[in-house]
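Protein chains: 2
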Amino acid sequence: MKSYEKEQIHRMMQALQQAGYGKGTTSPNPPVGAVLYHGDEIIGAGYHEKAGEDHAEIRALEDARKRGNGELIKGAELYVTLEPCSSYGKTPPCTDSIIASGIKKVIYAVVDPNPRHRGHADEVLRAAGIQVQGGIGKEACEAFLRPWMHSMATGRPWVIAKVASTLDGRIMRSKGRRSISGDEAKVFVHNLRAESDALLVGGRTARIDDPALTVRYASRFLSPRKEQPWRIVMTHSRDSLPEDLKIFTDEYAYRTIVYENVLDIGGMLEELYKERGVVQLMLECGGNLLRQFIMAGCINEWIQIIAPIISGGNEYVLPGEYLDSEQRIISPEIIHCGNDCVIRGLVHSSHS
Amino acid sequence: MKSYEKEQIHRMMQALQQAGYGKGTTSPNPPVGAVLYHGDEIIGAGYHEKAGEDHAEIRALEDARKRGNGELIKGAELYVTLEPCSSYGKTPPCTDSIIASGIKKVIYAVVDPNPRHRGHADEVLRAAGIQVQGGIGKEACEAFLRPWMHSMATGRPWVIAKVASTLDGRIMRSKGRRSISGDEAKVFVHNLRAESDALLVGGRTARIDDPALTVRYASRFLSPRKEQPWRIVMTHSRDSLPEDLKIFTDEYAYRTIVYENVLDIGGMLEELYKERGVVQLMLECGGNLLRQFIMAGCINEWIQIIAPIISGGNEYVLPGEYLDSEQRIISPEIIHCGNDCVIRGLVHSSHS
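Top to bottom, those sequences are chains A and B. For the first sequence, the working numbering assigns the number 49 to the initial residue and increments by one for each residue that follows. For the second sequence, the working numbering assigns the number 49 to the initial residue and increments by one for each residue that follows.
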């Protein structure tokens with residue numbers, strides 16, 4: 049029985065791997081993955097790729113049919129990372145297709161927080177004689193779905209502060225010395241970009257660094273459907289930004305959005321979610337803007353890449369006085385990344 | 049043959065473990081360890097504990113005799129981390145005792161850099177019919193002996209910069225919040241103190257923090273012979289330091305040394321080595337003094353404990369402009385220490 053549970057978790061992690069392929073293209077929908085098992089064999093697998101298109105469950109069924117496993121679907125078990133939808137959205141309810149397919153049992157990890165679906169699948173499927181089991185691999189799948197869950201609950205994107213620093217807390221090296229982080233960290237950052245819907249910098253970073261803010265060196269699976277992330281620039285005045293910046297002149301110029309004189313960061317975040325479907329926003333800004341986001345209480349996750357360098361200089365991770373609310377990563381993950389060290393985790397505020 | 053070499057390295061690591069017990073009490077002598085093997089059995093082990101007292105080889109022989117293994121010394125093999133001394137110092141040459149003991153073979157890791165001994169042991173021992181093999185476990189033993197080798201070569205202590213910081217490069221949290229690092233890191237730091245001969249702070253740290261600068265929470269083996277490290281305060285004027293500071297009033301007040309108005313850090317280091325036998329000096333100072341040590345090119349090793357906190361504030365790991373010589377840790381070691389992350393390694397300077 050214990051080992052059966054382990055096997056179930058193993059299968060759910062395979063569904064989660066599928067889900068990973070969709071991360072970065074599904075927003076505002078969740079990235080979801082599914083695998084179909086007949087006995088001990090995978091007969092099909094799939095993931096949701098883009099809002100308005102087939103959900104993971106449907107893609108797994110299609111995959112099984114394409115592989116010549118159509119006969120084996122009857123009696124199969126479906127592992128899916130999120131409770132199947134049970135109502136009409138842009139596509140018909142997955143529960144209908146599941147029932148029609150003859151699947152014997154549905155195992156899912158996370159209950160859909162959407163009140164339109166929450167817990168409904170169990171009823172609908174059971175009424176059709178299908179066994180249902182929830183909660184398998186829940187912790188890992190919830191962690192994976194956290195940005196989407198957050199945006200569902202708050203109407204704002206999940207905000208990641210990405211910082212590349214020296215040991216002495218600087219984010220820029222002296223002239224003539226380029227990047228702080230090593231090549232491995234560069235790939236790491238581009239993987240984060242690939243799963244983000246938007247990247248954000250301030251006007252100053254845009255002017256000084258003239259960054260491309262595109263996904264170029266990612267090592268993770270990149271869907272051909274992946275668009276470059278939105279590039280958000282927060283600045284006092286649009287006119288302060290030279291017209292020949294890369295973000296205005298490259299082929300993705302249509303993905304650049306300038307926000308002028310933002311007084312309400314929360315309002316801007318709501319707009320990005322509502323109007324652009326941004327579920328995950330990664331800050332790649334300097335210390336001053338980072339401080340504004342911290343003071344607005346808008347940072348959910350902190351990812352800092354620390355290079356083994358002591359440089360001095362005037363560009364700080366975070367300039368200025370003590371924060372009113374110290375930020376703390378409760379259970380930081382520490383990742384060795386070439387010669388650099390990545391410290392990441394969820395941010396908690398505590399007032400002093 | 050291959051597996052015999054592995055076995056030899058294993059035995060040398062046992063000798064190195066012995067050497068570790070002496071680290072922190074032997075200066076200006078090196079911490080050295082030895083084990084005696086008869087066939088596949090350890091018959092004695094020992095380490096050098098204090099300058100002027102028996103060397104590791106002699107202690108291992110004594111240990112064997114005390115354990116009733118005296119008969120087995122004849123024909124035994126001696127593993128020792130440093131080439132045995134072959135001349136009269138404060139004690140007679142170890143080679144004499146080795147020859148008298150009937151030991152069959154001497155295996156050592158590191159050649160003594162002291163010109164009085166370098167390579168002499170081989171000759172002397174071979175002339176007496178004893179087999180000699182050098183270089184086994186050399187890399188690990190050299191790394192362990194690095195501070196002593198440095199002080200032998202330069203006449204100065206090995207200088208470790210120890211920094212406890214937040215992610216944003218601050219070394220002090222806002223009022224009412226105490227230590228930056230967690231309890232595991234505290235033990236880690238006290239272990240470093242236990243193996244250091246002296247700790248150094250600036251007048252400002254002494255005044256603001258009133259630190260005890262003693263070994264209190266170490267988890268490593270502490271010899272009963274271990275004295276508290278020297279406590280060095282560098283300040284503009286002795287009069288700026290209140291008389292009631294812990295370092296002036298506790299039972300180790302005699303271990304506190306104040307340096308006023310130091311213009312030549314190198315000169316001070318030479319004095320500490322020559323007059324106090326300081327082989328390993330750990331800086332526990334603030335950013336301004338740290339900057340002076342960096343600018344003087346006097347830091348050999350960097351150990352930074354990074355807590356997963358973003359705090360802001362005016363106390364920086366390193367304040368001020370770009371360094372003329374950026375400091376870099378070439379192959380940093382990354383250690384998980386509770387919720388904190390330790391990054392440590394040897395420091396290299398590179399001019400911009």
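Where is the CB? At the ideal position from N, CA and C, for every residue including glycine.
- Contact between B/Pro76 and B/Gly325 holds: their C-beta atoms lie close to 4 Å from each other, under 8 Å.
- With respect to the 8 Å criterion, A/Ala344 and A/Gly314 are classified as neighbours on the basis of their beta carbons.
- Nearest neighbour of A/Met61 by Cα position, chosen from A/Val128, A/His396, A/Ala246, turns out to be A/Val128.
- In the DSSP assignment, B/Cys142 falls within the alpha helix (DSSP H) that extends over 142–149.
- Taking CB atoms only, A/Leu366 has a neighbour in chain B less than 8 Å away.
- For B/Leu240, there is no enclosing beta strand (DSSP E); the enclosing alpha helix (DSSP H) covers residues 231–243.
- Of all alpha-carbon atoms in B/Ile378, B/Tyr321, B/Lys54, B/Arg218, the one lying nearest the alpha-carbon of B/Gly334 is that of B/Arg218.
- Per DSSP, B/Gln276 lies in no beta strand (DSSP E) segment and is marked neither H nor E.
- Not flagged as an interface residue toward chain A: B/Glu187, since no C-beta distance is shorter than 8 Å.
- The beta carbon of A/Glu190 sits closer than 8 Å to those of Ala157, Val158, Met197, all from its chain and outside the five residues before and after it, given in chain order.
- Contact annotation: B/Gln328 and B/Ile208 have beta-carbon atoms nearer than 8 Å.
- A/Ser51: member of the alpha helix (DSSP H) spanning 50–70, first to last residue.
- Put simply, the CB of A/Ser149 is far from chain B, with every gap to its CB atoms at 8 Å or more.
- Judged by DSSP in its simplified three-state form, A/Glu119 adopts helix.
- Of all alpha-carbon atoms in B/Leu371, B/Ile57, B/Ile358, B/Cys385, the one lying nearest the alpha-carbon of A/Arg221 is that of B/Leu371.
- Between A/Ser145 and A/Glu97, the gap from beta carbon to beta carbon reaches 8 Å or more.
- DSSP, read as helix, strand or coil, puts A/Arg268 in coil.
- Remark: C-beta atoms of A/Ala124 and A/Ile178 do not approach each other more closely than 8 Å.
- Rounded to the nearest whole angstrom, the C-alpha separation of B/Ile342 and B/Met200 is 21 Å.
- A buried status is given to A/Ser149, since no fewer than 16 other beta-carbon atoms sit within 10 Å of its beta-carbon.
- With a contact defined as Cβ atoms closer than 8 Å, A/Val211 and A/His238 miss out at about 16 Å.
- The beta-carbon separation of A/Gly100 and A/Asp111, rounded to 19 Å, does not stay under the 8 Å limit for a contact.
- Ranked by Cα distance from B/Pro259, the options B/Arg273, B/Leu293, B/Asp231, B/Arg241 are led by B/Leu293.
- Using a Cβ distance threshold of 8 Å, B/Arg279 and B/Thr304 count as a contacting pair.
- Within the same chain, and ignoring the five residues on either side of B/Gln56 in sequence, the residues whose Cβ sits closer than 6 Å to its Cβ are Ile184.
- Within chain A, Ser222, Ser359, Gly360, Gly361 have C-beta atoms less than 7 Å from the C-beta of B/Tyr370, given in sequence order.
- Excluding five sequence positions before and after B/Phe236, the CB atoms of its chain that fall closer than 6 Å to its own CB belong to Cys385, given in chain order.
- Secondary structure of B/Tyr370 (DSSP, three-state): coil.
- Around the Cβ of B/Pro290, a 10 Å sphere holds fewer than 16 other Cβ atoms; the residue is exposed.
- About 19 Å separates the CB atoms of B/Ser285 and B/Glu319; that is not less than 8 Å, and the two are not in contact.
- The alpha-carbon of B/Gly368 is positioned some 39 Å away from that of A/Arg268.
- Per DSSP, B/Ala176 lies in no alpha helix (DSSP H) and is assigned neither H nor E.
- In chain A, no part has a C-beta under 9 Å from the C-beta of B/Asp257; the shortest such distance is about 17 Å.
- With respect to chain A, the C-beta atom of B/Leu215 has a partner C-beta closer than 8 Å.
- Secondary structure at A/His168: helix, using DSSP grouped into helix, strand and coil.
- Beta-bridge pairing by DSSP links A/Cys385 to A/Asp388.
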